[in-house]
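Numbers 10 to 623, taken from the working numbering, label the letters of the sequence shown in order. In this text, a Cβ means the ideal position worked out from N, Cα and C, and glycines have one as well. Notes to accompany the following structure.
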Amino acid sequence: MNRKERRAANKESARKPNALASAAAGVSILDLAAEARRFHAMGRGNEAGEICRQILARDPAHVQSLNLLGLMAQASSDHRGAVKMFAKAIAADEVNAACHYNAGNSYQSLGNRGKAVAHFTKALALGMEGKAVAFILQSPVITAYGARIAGKWPLPVTNVELFGTEGVTPLANDLFLRCAMEATTLASMQLEVLLGHARAELLRLAGEQGEDNGEVDEDIVAFACALARQCFITEYAYGQAAEESELASRLRDRMLQDLASGAAITPLTLAVVAAYFPIHAMPETDALLRRDWPATVAGLLRVQLHEPLEEMGERAAIATLGPIKDSVSVEVMRQYEENPYPRWTINPLNAFAADQARGKIIQTAEQQASLDILIAGCGTGSHAIQIAQVYPNARLLAVDISMTSLAYARRKTRELGLRNIEYAQADILELGTIDRTFDHIESVGVLHHLVEPMAGWRVLVSLLRPGGRMRIGLYSSLARRVIVEARARIAARGYRATADDMRRCRQDIIREAEHWRTLIGAKDFYSMSGCRDLLFNVMEHHFTIPEIAAFLNDNGLSFLGFEPFDDATVIEKFHKQFPGAADEANLDQWHRFETDHPETFWDMYVFMAGKNAH
Numbered sequence: 010m011n012r013k014e015r016r017a018a019n020k021e022s023a024r025k026p027n028a029l030a031s032a033a034a035g036v037s038i039l040d041l042a043a044e045a046r047r048f049h050a051m052g053r054g055n056e057a058g059e060i061c062r063q064i065l066a067r068d069p070a071h072v073q074s075l076n077l078l079g080l081m082a083q084a085s086s087d088h089r090g091a092v093k094m095f096a097k098a099i100a101a102d103e104v105n106a107a108c109h110y111n112a113g114n115s116y117q118s119l120g121n122r123g124k125a126v127a128h129f130t131k132a133l134a135l136g137m138e139g140k141a142v143a144f145i146l147q148s149p150v151i152t153a154y155g156a157r158i159a160g161k162w163p164l165p166v167t168n169v170e171l172f173g174t175e176g177v178t179p180l181a182n183d184l185f186l187r188c189a190m191e192a193t194t195l196a197s198m199q200l201e202v203l204l205g206h207a208r209a210e211l212l213r214l215a216g217e218q219g220e221d222n223g224e225v226d227e228d229i230v231a232f233a234c235a236l237a238r239q240c241f242i243t244e245y246a247y248g249q250a251a252e253e254s255e256l257a258s259r260l261r262d263r264m265l266q267d268l269a270s271g272a273a274i275t276p277l278t279l280a281v282v283a284a285y286f287p288i289h290a291m292p293e294t295d296a297l298l299r300r301d302w303p304a305t306v307a308g309l310l311r312v313q314l315h316e317p318l319e320e321m322g323e324r325a326a327i328a329t330l331g332p333i334k335d336s337v338s339v340e341v342m343r344q345y346e347e348n349p350y351p352r353w354t355i356n357p358l359n360a361f362a363a364d365q366a367r368g369k370i371i372q373t374a375e376q377q378a379s380l381d382i383l384i385a386g387c388g389t390g391s392h393a394i395q396i397a398q399v400y401p402n403a404r405l406l407a408v409d410i411s412m413t414s415l416a417y418a419r420r421k422t423r424e425l426g427l428r429n430i431e432y433a434q435a436d437i438l439e440l441g442t443i444d445r446t447f448d449h450i451e452s453v454g455v456l457h458h459l460v461e462p463m464a465g466w467r468v469l470v471s472l473l474r475p476g477g478r479m480r481i482g483l484y485s486s487l488a489r490r491v492i493v494e495a496r497a498r499i500a501a502r503g504y505r506a507t508a509d510d511m512r513r514c515r516q517d518i519i520r521e522a523e524h525w526r527t528l529i530g531a532k533d534f535y536s537m538s539g540c541r542d543l544l545f546n547v548m549e550h551h552f553t554i555p556e557i558a559a560f561l562n563d564n565g566l567s568f569l570g571f572e573p574f575d576d577a578t579v580i581e582k583f584h585k586q587f588p589g590a591a592d593e594a595n596l597d598q599w600h601r602f603e604t605d606h607p608e609t610f611w612d613m614y615v616f617m618a619g620k621n622a623h
């Protein structure tokens, strides 16, 4: 249907509202909402709008209809009308990330930046962080920059060619980009390359400002602060040329001299330095907290200085459960002390917790039970914090080998007001001496880093009460073949697990992007701790399904099923491969399926097992 035909159809539908109303009367709201979405996708806005209004006549708080009417108003540049619809939708469902995002776009178009930022931030906190990259890449400004970079690839584009006379102002005006940089790792090669250029451009601007002490637009400063927070989240993974590194070092040294002498430090200088170096790792920088700063700079200092200082104070409160004696365990501990993993920022269960607090989620009997749960290898706490929210009456013991990771976990736990988690430092191999047992044990992505994974797993089995369950995550030999290849390349080129070598290694992989698409598509590739865990781990074992089956059989455990797959087609393919006989609890079938589809368990095997009651 062309544009003329769509207009005619919309006019025709506008003449027949009563027909639509009478047709809607006997149809369920669910079916009407689906029809409204279908008409909207076809460009038949009048019909979609009329159906939405019929739905709202029956259910005035129907979120999807309010949101769709808001989007249609937005598309016709009626942003005042749009925000009214989005506000009604949010009043009905305050944890709807899409409605907050849409409201943010309309508020930005209306010039109300404060409300736009508030809604974008809320959208990201409620689960949109996983979609942030896709939305950012749809921006015409980002697309134009990407085309300029791609036009010269693999040769580098200069900043003059990329930014022209406008500099980074168009990027700085993208409020959703700024909010996303502050909130989460932007796992995109295109964005990393673009933001790397933007950082270098800000470095040049900060150098010029030092020479003439000119004022810099507050949006540029806010963008620089957001970029510095992104660099901190990724632990400074971006590549940089030697000349750029030298200029950044000079700017840092000048800032530290000004700090020591009490001289003024411009917000841009501080933000740019923080985009290259972590502020908390510099001497005497706590004095920065005693100066007055714009709100964006204060937010940056909270993340880069105040929170790390808090984490240092947490270490003294963490108990140690036994010695860490094994030499490999000591090396693994050193790795995660230097690069605690994962470095997360947003509580993945924000929406769940809000709905639970409002009584919109009814807990199962198990979730309400007073269970004893062990998280063996809790890292920086995201895993334990999620379990603590789902099982609010449970008593959790969360252990990890890295004190730095545990300190991060304790700070995040305190921020969220959770009181049912006890953190302790421990080596899983030594946990058999703690004289405690548990109803439920979780160890995901941990056992394969032990010198003897099966020995560690047997220790966990000994701590599980009869009838209890355990959730285990192990790397797949078939799925990790690309990692084995990459690690062989790293060894051949002599790269070590140092920050400089890991940055150079990442740049090599980016230059050969076509060959390493699987790696470049992995979120872990975009932070130093993630990259080290992915490609430079001190110890890594891989497993097959028959090996897992044998362990379960030998240790009195029953396989209860794999974790639901992100890709819904996996289960469809599984049932298609074994027509009429597919059994999702049959590990032999899963082994045959994985052999034919070796990418199935790319992340890892994550499954539940039960301890036989006898």
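By Cβ distance below 6 Å, which residues in the same chain neighbour R16 in space, the five residues on each side in sequence not counted?
No answer about R16 holds up, because its pLDDT of 49 lies below 50 and its placement is not dependable.
Throw me the rounded Cβ distance for the S452 and T553 pair, which I believe falls under 8 Å.
About 19 Å separates the two Cβ atoms, so there is no contact after all.
Put V177 into one of helix, strand or coil per three-state DSSP.
coil
Three-way DSSP call (helix, strand, coil) for V615 in this model:
strand
Rounded to a whole number of angstroms, what is the C-alpha to C-alpha distance between V455 and R480?
12 Å
Sufficient close CB pairs (3 or more, under 8 Å) joining the stretch 330-337 to the stretch 512-525:
no
Rounded separation between N11 and P179 - CA only:
At N11 the pLDDT is 49, less than 50, meaning the model places this residue with poor confidence; the figure from the coordinates comes in the next sentence. C-alpha separation (whole angstroms): 34 Å.
In the structure shown, what three-state DSSP assignment does G205 receive?
helix
Look at the alpha carbon of M617 and the alpha carbon of A558, and state the distance between them as a whole number of angstroms.
12 Å
My guess is that R261 and V230 are in contact by the Cβ rule of under 8 Å, so how many angstroms apart are they, rounded?
With 8 Å as the limit, R261 and V230 do not qualify as a contact, their Cβ atoms being about 18 Å apart.
7 Å Cβ shell around A189 - same chain, five flanking residues per side excluded:
L133, A141, I145 and L195
Return yes when the Cβ of E191 is within less than 7 Å of the Cβ of A235, no when it is not.
yes
According to DSSP, simplified to helix, strand and coil, what is M291?
coil
Reference A57, options P69, L78 and W353, closest by Cα:
L78
My output table needs one value for A622: the three-state DSSP class, helix, strand or coil.
coil
So the candidates are N402, D409 and A378; which of them puts its Cα closest to the Cα of C387?
D409
Segments of 4+ residues assigned as alpha helix (DSSP H) that fall wholly inside the stretch 32-97
38-50, 54-67 and 72-84
Could you tell me the distance, in whole angstroms, from the CA atom of A328 to the CA atom of A416?
11 Å
May I have the straight-line CA-CA distance separating S31 from D592, to the nearest angstrom?
With a pLDDT of only 48 at S31, under 50, the local geometry of the prediction cannot be trusted, and no value is derived from it.
As an exercise, report each continuous alpha helix (DSSP H) stretch of at least 4 residues that is fully enclosed by the stretch 516-589, in chain order.
526-529, 537-544, 554-563 and 578-586
So N356 and I394 are in contact, right, with Cβ under 8 Å, and what is the actual spacing, rounded?
7 Å
Report the CB separation of L544 from R496 in whole angstroms; it is logged as a contact under 8 Å.
6 Å
Between which two residues does the beta strand (DSSP E) holding A407 run?
R404 to D409
Distance, Cα to Cα, D612 vs L459?
18 Å
In the DSSP output, which residue or residues are listed as bridge partners for E431?
L406
Could you tell me which residues DSSP puts in a beta bridge with T329?
Q434
I'd like to check one pair, R498 with G248: are the Cβ atoms closer than 7 Å?
no
DSSP beta-bridge partners of D102:
Answer by DSSP bridge pairing: none, since D102 is not bridged.
So, for S379: in the same chain, excluding its five sequence neighbours on each side, which residues have a beta-carbon less than 8 Å away from its beta-carbon?
N402, A403 and R404
Quickly, what does DSSP pair H449 with across the bridge? List them, please.
I382 and R478
Spatial neighbours of H584 within its chain, please: C-beta separation below 7 Å, excluding the five flanking residues on both sides.
A591
Over what stretch of residues does the alpha helix (DSSP H) that includes D335 continue unbroken?
Counting along the chain, D335 falls outside any alpha helix (DSSP H), and DSSP gives it neither H nor E.
Rounded separation between Q344 and D226 - CA only
41 Å
Once you ignore the five residues that flank A284 on each side, which residues in its own chain have a CB closer than 6 Å to its CB?
R208, L236, A237 and C240
Rounded to whole angstroms, what's the CA-CA distance from H128 to T193? Just pull it up for me.
16 Å
What first and last residue would you give for the alpha helix (DSSP H) that runs through Q395?
S391 to V399
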